[in-house]
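Worksheet for the structure shown next.
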Amino acid sequence: MVARHAPLVRRLALRLASRLPASVSLDDLVQAGMMGLLDAVTRYREVPTAQFETYATQRIRGAMLDELRSTDWAPRGVRERARRIENAIHRTAQALGREPSEAEVAAALDVSLREYQAMLQEAHGAQLIYADELGSGLDALPGGAHAEDAADASAQDPLQALLGQEQRAALVQAIDALPEREKLLLSLSYEQGLNLKEIGLVLNVGEARVCQLRSQAIARLRARLARG
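The letter at position 172 of the sequence shown is residue 172 when you use my numbering, and the numbering goes up by one with no holes.
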């Protein structure tokens, strides 16, 4: 099973690497992913609701994200700027009673629109982890696959199951409140698996602009969930 699904590990590593700085090693992601695949093979039990590839994908991706967290690959300054953007969106949305425009967020940060967009582009890689913290890497997108832990599903705590459902519902609502272009971008990225260039062709913008819009969309989601 490991040999048969090894190509899946590389596909997931390449997809993840496309959202990260060039300094992140593809080989390290593949190695971490193989450990996730071995874990999946060990823990998997066949159940009608979870096919192995779906289950393994969750484990492989989780192992890769754990590897990124452990190496602290994103500079502290980048993380801090990402948090500043999120906080500015939070404050501005509360004051306006709606999702703020880029210009309004830039004004809240006391920077120019160009400077704000540069901050968004810089935050692009760091926010990958933030997206995962929201709930399985935005698997709650309409039509997205939500992989259950087949090994533990039968013994799942009812309270934890309820909390998971509530978090998923809150995330779906937050996604639905996004501007249409940002909602489409997330669907193309996380549901359809398109890369930056392909998304840019759909949206008729450059790759840098795709990075900016995706960073902004994720910051909006986190800010909205923080508002409750």
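Glycine residues also receive a C-beta, built at the ideal position from the N, C-alpha and C atoms. Being a predicted model, the structure only gives us computed values, none of them experimental.
query: In whole angstroms, what is the alpha-carbon distance linking Leu221 and Ala174?
result: Residue 221 sits at position 221 when you count from the first residue of the sequence shown. Residue 174 sits at position 174 when you count from the first residue of the sequence shown. Roughly 6 Å separates the two Cα atoms.
Between the CA atoms of Tyr44 and Gln58 - distance to the nearest angstrom: If you number the sequence shown from 1, residue 58 lands on position 58. If you number the sequence shown from 1, residue 44 lands on position 44. Using only the alpha carbons, I get a separation of about 12 Å.
task: Please report the residue range of the alpha helix (DSSP H) in which Tyr55 lies.
output: Walking along the sequence shown from the start, residue 55 turns up at place 55. Tyr55 -> alpha helix (DSSP H) spans Phe52 to Thr71.
field: Leu113, enclosing alpha helix (DSSP H) - first and last residue
entry: Taking the sequence shown and counting its residues from 1, the one referred to as residue 113 is at position 113. That run of the alpha helix (DSSP H) goes Leu113 to Ala123.
message: Assess contact between the segment 114-121 and the segment 191-201, defined as three or more Cβ pairs (one per stretch) separated by less than 8 Å. Is contact present?
response: no
Cβ-Cβ distance between Leu8 and Ala17 below 8 Å: In the sequence shown, the residue the question calls residue 8 occupies position 8. In the sequence shown, the residue the question calls residue 17 occupies position 17. Cβ atoms of Leu8 and Ala17: not closer than 8 Å.
message: Considering only the alpha carbon of each residue, which of Leu225, Ala219 and Phe52 lies closest to Ala82?
response: Counting from one through the sequence shown, the residue named residue 82 turns up at place 82. The candidate whose alpha carbon is nearest that of Ala82 is Ala219.
Outcome for Val202 when other beta-carbon atoms lying within 10 angstroms are tallied against a minimum of 16: Counting from one through the sequence shown, the residue named residue 202 turns up at place 202. Exposed.
message: Mapping the DSSP letters down to three states, classify Leu27 as helix, strand or coil.
response: Walking along the sequence shown from the start, residue 27 turns up at place 27. Note on identity: in this sequence residue 27 is Asp, with Leu being the wrong assignment. In the three-state reduction of the DSSP assignment, Asp27 falls in the helix class.
- prompt: Taking just the CA atoms, how far does Ser70 sit from Arg209?
  reply: Locating residue 209 in the sequence shown gives position 209, where the first residue counts as 1. Locating residue 70 in the sequence shown gives position 70, where the first residue counts as 1. One C-alpha to the other measures close to 29 Å.
- prompt: For the alpha helix (DSSP H) that contains Leu196, what are its first and last residues?
  reply: In the sequence shown, counting from the first residue as 1, residue 196 sits at position 196. Start and end: Leu196 to Leu203.
- prompt: So, Val2 versus Leu38, is the Cβ gap smaller than 8 Å?
  reply: Locating residue 2 in the sequence shown gives position 2, counting from the first residue. Locating residue 38 in the sequence shown gives position 38, counting from the first residue. Yes.
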